[in-house]
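Chains as they are written, first to last, in the numbering used here: chain B, 30 to 246; chain A, 11 to 288.
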């Protein structure tokens, strides 16, 4: 393990972006949020020394990211004044930050796609059972939802040429992926659930595919 | 598939966690929420600065008065009406500036405390009252300008210039009003967690849900300007691509169906529950 030099930003569209898209093509069905929140673009920036500096970096690049998000739906030549407003950008997207990164390409610079491992509610349930005799931890966990558990979950930098390569890849490498994701929560394998097969893995985790990794550094 | 040459070359960890208990203790502190909120407060503070700048520019505004030197008999009556127009625009300006301050303050409180549907309905009511008041001002403005026009007896080009200046000033105020109304709607929708369930077809409903969720969505839709050079093919291509990604995700994330058991069905053994099926 080594300190991360990189930070990944995933932009998750909100209803504000949905409403923007709906206004652009009246009469055409607007995608629902589930579709808008599928295959969200991931962006790479250099890891900064502080959260304030990370925000500076996001502010510095927001216009480029905003234009890219609009171009994914309206084409590369589309232009709208909205892409100049930082507040509009922040209302149109929630940004999610990932510093727990598994490199499966020789360098970040050649990464073009990524796969994210997301803990499922089954893992949270398992965790609650593990700590049920500790009243402090039990009380804490009873207030936690699965989205909180999934924050900063592991992302794997790995290029694919076809979507149908991803399932065999996860089936083959589920074990190191599982270890990477669990090491975020505990360094001790004794604290981990028993995962001896891909089927076990997929009970506790799901994967999200991000076909676009854009480099901002 | 090509074999991966290096399985996991490095796991890069920020802030190493030693034990599960430590992880659980820090899980409630959401860095994502904190960072998103901080970024929004930053952007809002830039909006406040912008508002102060606009106000300063308006303070410096110099009213056109060259026509007083050249007008004939009705000069005094025209000057009187000019002053009425100016005072009306000033009243409108002061109303909109106060409203803009309220929207920024309300937006900050949504970021700090979360969206509150009841408070939102109060601000909506305020906006609806302002809508009528501003419409009244616009009507008054038109009447004053008409009266002044009927008195203007020479140098018509100066009247055209004056009207153009007043029109620009009025449009400037209208844009400020729309900008701040939209700002509050965006922040509100952004912080309404269950806004994620709005479907466009729900917009037609007319209950409470409509007022607090779908109405802001519909209102916002009218305020976005249209992009130039839209490529409709890209829209459908993107939908196809995302459907394919969704299918690939579902395929990977779904547990394979258990192999049909031979007849008669034996009682499942709990020991087999976690065994691989292939």
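Backbone N, C-alpha and C define an ideal beta-carbon position, used for all residues, glycine too.
Selection from the options that minimises the alpha carbon distance to residue i
i, options, result
"residue 114 of chain A", "A/38, A/51 and A/43", "A/51"
"residue 171 of chain A", "A/155, A/123 and A/60", "A/155"
"residue 66 of chain B", "A/262, A/260, A/256 and A/265", "A/256"
"residue 190 of chain B", "B/149, B/140, B/159 and B/181", "B/140"
"residue 148 of chain B", "B/239, B/214 and B/86", "B/214"
"residue 154 of chain B", "B/47, B/61, B/217 and B/174", "B/174"
"residue 59 of chain B", "A/200, A/157, A/246 and A/103", "A/246"
"residue 106 of chain A", "A/37, A/150, A/189 and A/165", "A/189"
"residue 49 of chain B", "A/173, A/228, A/145 and A/258", "A/228"
"residue 126 of chain B", "B/97, B/150 and B/76", "B/76"
"residue 40 of chain A", "B/180, B/124 and B/234", "B/180"
"residue 149 of chain A", "A/226, A/177 and A/128", "A/177"
"residue 185 of chain B", "B/172, B/202 and B/178", "B/202"
"residue 40 of chain B", "B/219, B/73 and B/61", "B/73"
"residue 72 of chain A", "A/258, A/120 and A/96", "A/96"
"residue 151 of chain A", "A/62, A/259 and A/94", "A/94"
"residue 74 of chain A", "A/111, A/175, A/254 and A/104", "A/175"
Cβ pair residue i, residue j closer than 7 Å
i, j, result
"residue 237 of chain A", "residue 103 of chain B", "yes"
"residue 71 of chain B", "residue 245 of chain B", "no"
"residue 98 of chain A", "residue 147 of chain A", "yes"
"residue 196 of chain A", "residue 120 of chain B", "yes"
"residue 78 of chain B", "residue 240 of chain A", "no"
"residue 188 of chain B", "residue 142 of chain B", "yes"
"residue 166 of chain B", "residue 37 of chain A", "no"
"residue 199 of chain B", "residue 238 of chain B", "no"
"residue 64 of chain B", "residue 200 of chain A", "no"
"residue 160 of chain B", "residue 233 of chain B", "no"
"residue 38 of chain B", "residue 262 of chain A", "no"
"residue 168 of chain A", "residue 88 of chain A", "no"
"residue 118 of chain B", "residue 91 of chain B", "yes"
"residue 226 of chain A", "residue 187 of chain A", "no"
"residue 59 of chain A", "residue 121 of chain A", "no"
"residue 110 of chain B", "residue 235 of chain A", "yes"
"residue 210 of chain B", "residue 168 of chain B", "no"
"residue 164 of chain A", "residue 82 of chain A", "yes"
"residue 61 of chain A", "residue 110 of chain A", "yes"
Outcome for residue i when other beta-carbon atoms lying within 10 angstroms are tallied against a minimum of 16
i, result
"residue 192 of chain A", "buried"
"residue 159 of chain A", "exposed"
"residue 5 of chain B", "Missing from the structure shown is residue 5 of chain B; chain B here goes from 30 to 246 and no further."
"residue 36 of chain B", "buried"
"residue 83 of chain B", "buried"
"residue 43 of chain B", "buried"
"residue 92 of chain A", "buried"
"residue 194 of chain A", "buried"
"residue 282 of chain A", "Any answer about residue 282 of chain A is weak, because its pLDDT of 37 lies below 50 and its placement is not dependable; what the coordinates show is given next. Exposed, since its Cβ has fewer than 16 Cβ neighbours within 10 Å."
"residue 265 of chain A", "exposed"
"residue 205 of chain A", "For residue 205 of chain A, the predicted structure reports a pLDDT of 45, less than 50, and the residue's modelled location is therefore unreliable. A value from the coordinates is still provided. Result: buried."
"residue 34 of chain B", "exposed"
"residue 89 of chain B", "exposed"
"residue 240 of chain B", "buried"
"residue 101 of chain B", "buried"
"residue 144 of chain B", "buried"
"residue 105 of chain B", "exposed"
"residue 132 of chain A", "exposed"
"residue 51 of chain B", "buried"
"residue 172 of chain B", "exposed"
"residue 93 of chain B", "exposed"
Short CB-CB distance (under 7 Å) between residue i and chain E
i, result
"residue 196 of chain B", "The structure shown contains no chain E; the protein chains it does contain are B and A."
Margin query: At 4 residues or longer, what runs of the alpha helix (DSSP H) sit wholly inside the stretch 115-165 of chain B?
Written below: 115-121 and 150-159
Next item on the list: Note down, in chain order, all residues in the stretch 215-236 of chain B with a beta-carbon under 8 Å from any beta-carbon belonging to chain A.
Entry: 215, 216, 217, 220, 223, 225, 226, 227, 228, 229, 231, 232, 235 and 236
Next item on the list: Check distances from the C-beta atoms of the stretch 89-114 of chain A to those of chain B and list, in chain order, the residues that come in under 8 Å.
Entry: none
Check: Between the stretch 32-48 of chain B and chain A, which residues of the former have a C-beta closer than 9 Å to a C-beta of the latter?
Finding: 32, 33, 34, 35, 36, 43, 44, 45, 47 and 48
Notebook entry, point to check: Taking Cβ-Cβ distances below 8 Å as the criterion, which residues of the stretch 120-132 of chain A are in contact with chain B?
Noted result: none
Checklist line | Against chain B: residues of the stretch 46-63 of chain A by CB proximity under 9 Å | finding: 46, 48, 49, 50, 52, 53, 54, 56 and 57
Notebook entry, point to check: Which runs of the alpha helix (DSSP H) fall wholly inside the stretch 19-75 of chain A and span at least 4 residues, in chain order?
Noted result: 30-36 and 41-69
Next item on the list: Pull out every residue of the stretch 178-196 of chain A whose Cβ sits closer than 8 Å to any Cβ of chain B, in chain order.
Entry: 193 and 196
Check: If you scan the stretch 156-228 of chain B from start to end, which runs of the alpha helix (DSSP H) of 4 or more residues do you find wholly inside it?
Finding: 164-171, 175-178 and 195-212
Item checked: Short-range partners of chain B found in the stretch 256-269 of chain A, where Cβ spacing is below 9 Å -> 256, 257, 258, 259, 261, 262, 263, 264, 265 and 266
Next item on the list: Could you list the residues in the stretch 144-165 of chain B with a C-beta less than 8 Å from some C-beta on chain A, going in chain order?
Entry: 156, 159, 160 and 163
Notebook entry, point to check: At which residue ranges does the stretch 115-199 of chain A contain complete alpha helix (DSSP H) runs of 4 or more residues, listed in the order of the chain?
Noted result: 127-161
Next item on the list: Give the residues from the stretch 130-145 of chain B that approach chain A closer than 7 Å (Cβ to any Cβ), ordered along the chain.
Entry: 130, 131, 132 and 133
Checklist line | Start-end ranges of the alpha helix (DSSP H) lying completely within the stretch 34-115 of chain B, minimum 4 residues | finding: 44-53, 62-65 and 80-103
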